[in-house]
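First residue of the sequence shown: 8, per this note's numbering; consecutive thereafter.
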Amino acid sequence: MGNEELEAVKKELAAMKKIELTGFTNTENATAYFQNKELILEGIVKALETITVQETSEVEALKSTVKSLRDELKNKAAYPKELSRRELLYSLGKGIAAAWAGNYKTLAELSFSPNLKADNWTNPRDVTWGERGWKVDKAALGDPMGSMGATTGEQFLINPIYETEIMTDAAKKSVMMNLVRHRPMMGPSIFLPTRDRGGVQLHWLTAYGQQITGSKPKGAERVELKAYTLAGYIPWYDEFEEDVFIDLGAMFVDEFIEVYGAEFDRQCLLADDDPFTGAMAASGVTEVAIQGASINALTWKDFRDAVLKVPAEERQQCAWFVNETVLAHVTNIEDANGRPIWRGPTEAMPGKLDLYPYHEVSILPQMADIGPNEIFAVFMNPKRIQHGNRKGIEIKKFDATTESMEYGELFLRFRKRDGFLVARPDKNIVVLKTKAASGGGGGS
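Below you can see the structure in the form of structure tokens.
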């Protein structure tokens with residue numbers, strides 16, 4: 008081990024000192040942030056132990072720096088700086104205005120960073136601000152020396168802590184975001200193992216020396232979870248260029264979380280290869296037709312027949328997902344004994360639909376729009392949906408639009424990267440649909 012390892016440690020320590028002065032709006036976000044920092048420090052300590060160069064005094068100095076950072080980290084983790092909602096919106100709005108005006112120094116102070124590559128986004132930890140402008144600590148592809156120029160384009164990644172706070176708000180606008188399984192993604196795709204039930208086999212040995220046969224488990228099938236970039240455009244108005252940072256931050260948060268929350272639910276449930284496939288359109292799901300072609304023919308037996316298509320061990324984690332207008336119809340349905348199949352939610356208890364929890368999802372088909380042979384509800388364990396999360400929200404001044412050329416209208420573009428995959432839908436997910444108008448179809 009030598010000087011290269013020593014330089015790598017120095018860069019890690021430099022990255023540790025970034026975005027330490029920012030705050031958090033809740034203790035959960037602060038805890039997660041400081042735990043990540045502690046893991047980085049542990050890696051630095053292990054790296055220092057392997058360095059065998061002769062500059063022992065420099066190594067000892069680095070160890071002393073690590074120790075002081077650890078002490079400081081413990082103190083900040085115990086008493087994290089609280090960031091009020093007003094302060095968050097002000098800082099976010101100030102960063103957006105700085106990105107629009109090209110004020111790089113302000114962006115650096117707020118821990119925004121330039122996104123230098125379009126396909127493989129820049130890691131904020133690899134970019135620092137110096138006297139000569141932005142510096143890429145980790146060389147970009149085709150640029151082994153990194154970039155020292157002050158001009159880096161107009162697209163910037165927002166402060167990672169602000170991103171965490173924004174996504175917390177977005178989860179409140181989405182039904183599915185707090186229910187699905189989230190997978191961190193470092194690249195454009197990851198391969199996930201998926202097994203059928205009984206992938207692990209158990210065998211009893213009843214005699215000494217008995218041969219163990221058939222003990223090899225069935226191999227896991229590997230499925231690919233891909234991430235793509237989602238972009239949105241927010242109209243920009245001249246008055247936002249003045250000192251109205253709180254309003255600007257609030258506008259961005261409100262616009263982003265509203266559309267992103269709805270799109271998250273759509274990709275989980277309704278999307279049909281655009282670009283992902285949701286649970287209601289996935290191949291392999293079990294379709295159960297109700298008694299009639301009209302949604303008004305829906306009865307309690309339809310729900311009972313549907314849930315019984317899912318094995319009992321899987322059924323325990325399942326829930327219904329329906330539009331609120333369909334639920335309003337269901338509230339008047341009674342079973343064969345005259346008991347309502349719907350149980351309204353009570354304090355600390357979810358609502359029940361024929362003994363199973365339900366979630367009202369506004370993007371699902373409404374009662375008045377459901378025709379013959381149309382899927383309108385799904386029964387599943389939401390953990391079957393895998394969400395790939397590639398960190399980073401990018402903002403950019405965007406004027407390359409028809410509206411800009413014809414009317415002079417400008418936009419603030421935001422981008423985020425996500426992936427969605429419905430895992431093992433066969434016999435685990437059931438959709439409820441109306442019968443075909445001819446009286447056939449539906450099936451099970």
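Idealized CB from N, CA, C, for every residue including glycine. Note that the structure is predicted; figures quoted are calculated from it, not measured.
Run through the stretch 292-340 for me and flag every whole beta strand (DSSP E) of 3 or more residues, listed as ranges in chain order.
-> For the stretch 292-340, the continuous beta strand (DSSP E) assignments of 3+ residues that do not extend past its boundaries occur at 293-296, 326-329, in sequence order.
Beta-carbon separation of Gly381 and Thr293 under 8 angstroms?
-> Here residue 381 turns out to be Glu, not Gly, going by the sequence shown. Cβ distance not < 8 angstroms, so Glu381 and Thr293 don't count as in contact.
Counting along the chain, where does the beta strand (DSSP E) carrying Trp136 start and finish?
-> Run containing Trp136: 134-137, per the beta strand (DSSP E) assignment.
How about the stretch 258-275 and the stretch 227-236: do they share at least three Cβ pairs that are nearer than 8 angstroms?
-> By the Cβ rule, the stretch 258-275 does not count as touching the stretch 227-236, because fewer than three pairs are nearer than 8 angstroms.
Report yes if the CB atom of Ile392 is closer than 8 angstroms to the CB atom of Phe427, and no otherwise.
-> Closer than 8 angstroms, so yes.
Trp211 (DSSP reduced to helix, strand or coil) = Reduced to three states, the DSSP call for Trp211 is coil.
What residues in its chain sit with their C-beta under 6 angstroms from that of Trp107, if we drop five residues either side in the sequence?
-> Result list for Trp107: Lys404, in chain order.
Should the stretch 341-352 be called in touch with the stretch 160-173, which here means at least 3 C-beta pairs below 8 angstroms?
-> The stretch 341-352 vs the stretch 160-173: no contact.
Count the other CB atoms, across all protein chains shown, that sit within 10 Å of the CB of Ser290; report buried if there are 16 or more and exposed otherwise.
-> Its Cβ having fewer than 16 others within 10 Å, Ser290 is exposed.
Cβ of Lys316 within 8 angstroms of Cβ of Val437?
-> Result yes, Cβ atoms of Lys316 and Val437 sit closer than 8 angstroms.
Find out if the Cβ-Cβ distance for the pair Leu276, Leu371 is shorter than 8 angstroms.
-> With respect to Leu371, Leu276 sits close: the two C-beta atoms are nearer than 8 angstroms.
Proximal residues to Thr284 (C-beta, below 7 angstroms), its chain only, five neighbours per side dropped | Cβ neighbours of Thr284 beyond the five flanking positions: Ala278, Val429.
Mind checking Asn127: buried by the 16 CB within 10 Å criterion, or exposed?
-> Under this definition Asn127 is an exposed residue.
What span of residues does the beta strand (DSSP E) with Val6 cover, start to end?
-> The structure shown has nothing for residue 6, since the chain only spans 8 to 451.
What number of angstroms, rounded off, separates the C-alpha of Ile173 from the C-alpha of Arg346?
-> About 43 angstroms.
List the whole-angstrom C-beta distance separating Asp254 from Gly100, where the pair is believed to meet the contact cut-off of C-beta under 8 angstroms.
-> Confirmed, about 7 angstroms.
Taking the alpha-carbon positions, what's the Asp150 to Asn330 distance?
-> Because the pLDDT of Asp150 is 49, which lies under 50, any placement of that residue in the model is unreliable, and the question is left without a value.
Just curious, the beta strand (DSSP E) that Glu511 is in, first and last residue?
-> Since the first residue shown for the chain is 8 and the last is 451, residue 511 is missing from the structure and cannot be characterised.
Cut-off 6 angstroms between Cβ atoms - residues of its own chain near Glu27, not counting five sequence neighbours on either side = Unreliable positioning characterises Glu27 in this predicted model, as indicated by a pLDDT of 49, which lies under 50. The coordinate reading is nonetheless provided below. Nothing listed; no residue qualifies.
For Tyr365, collect the residues of the same chain with a Cβ closer than 8 angstroms to its Cβ; drop the 5 residues on either side in sequence, then sort them by chain order.
-> Hits under 8 angstroms: Ala326, Trp327, Phe328, Val329, Leu334, Pro357, Gly358, Lys359.
Roughly how many whole angstroms lie between the Cα atoms of Ala170 and Asp281?
-> Sequence check: residue 170 is Glu here, not Ala. Rounded to the nearest whole angstrom, the C-alpha separation of Glu170 and Asp281 is 25 angstroms.
Check whether the Cβ atoms of Ser120 and Thr113 sit closer than 8 angstroms, and answer yes or no.
-> With a cutoff of 8 angstroms on beta-carbon distance, Ser120 and Thr113 are scored as not near each other.
Based on the DSSP output, what are the partners of Leu237 in its beta bridges?
-> Paired residue(s): Lys423.
Answer with buried or exposed for Gln274, where buried requires no fewer than 16 other C-beta atoms within 10 angstroms of its C-beta.
-> Looking at its Cβ environment, which holds 16 or more other Cβ atoms inside 10 Å, Gln274 is buried.
Could you spell out where the alpha helix (DSSP H) holding Gly268 opens and where it closes?
-> Segment 252-276, the alpha helix (DSSP H) holding Gly268.
Apply the 10 Å Cβ neighbour rule to Gly216 and answer buried if 16 or more other Cβ atoms are within range, or exposed otherwise.
-> With fewer than 16 other Cβ atoms within 10 Å, it is exposed.
Per DSSP, cross-strand counterpart(s) of Ser196 | Its beta-bridge partners are Lys233.
Using alpha carbons as the reference points, say which of Asn122, Lys180, Lys142 lies closest to Ser369.
-> It is Lys180.
Does the distance from the C-beta atom of Asn190 to that of Asn396 stay below 8 angstroms?
-> The amino acid at residue 190 is misidentified as Asn; the sequence shows Arg. If you check the CB distance, Arg190 and Asn396 come in under 8 angstroms.
For Pro121, the residue or residues it bridges with in DSSP | The partner list for Pro121 (beta bridge, DSSP) reads Phe163.
Could you name the residues of the same chain whose beta carbon sits closer than 6 angstroms to that of Phe252, not counting the 5 residues immediately before and after it, in chain order?
-> The residues are Tyr97, Gly100, Lys101.
Span separating the alpha-carbon of His336 from that of Pro167 | When the Cα atoms are used, His336 and Pro167 turn out to be separated by approximately 44 angstroms.
Close beta carbons around Gly447, own chain, < 8 angstroms, minus the five adjacent residues each side = A caution first: Gly447 carries a pLDDT of 47, below 50, which makes its placement in the model unreliable, though a value can still be read off. So no residue of the chain qualifies.
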